[in-house]
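Peer 1: I have a structure I would like to understand better, so I am pasting it below and will then ask my questions one at a time.
In the UniProt record's numbering, the protein residues as written are 1 to 64.
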């Protein structure tokens with residue numbers, strides 16, 4: 001569970017921003033979205049290899 005202690009003279013907006021940043025770093029939301037439906041391992045690995053090929057392609061185009 002994520003806890004944020006509000007400091008003295010700290011606005012609620014600032015504390016909420018710290019909470020959101022901490023929540024984002026824990027990657028909870030990403031995991032929940034990933035578990036929304038089952039995806040076979042073959043599909044997952046195919047997506048991963050396509051993404052890696054895209055990154056390599058973009059890196060070579062940017063460097064050229």
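Beta carbons: idealized from backbone N, C-alpha and C, even for Gly.
The alpha helix (DSSP H) with residue 39 in it runs from where to where?
Peer 2: Neither: residue 39 is in no alpha helix (DSSP H) and is coded neither H nor E.
Peer 1: Hey, how far is the Cα of residue 42 from the Cα of residue 50?
Peer 2: 12 Å
Peer 1: What separation, rounded to the nearest whole angstrom, lies between the Cα atoms of residue 58 and residue 6?
Peer 2: 43 Å
Peer 1: Pick helix, strand or coil for residue 2, following the three-state DSSP scheme.
Peer 2: Here residue 2 carries a coil assignment [DSSP, helix/strand/coil].
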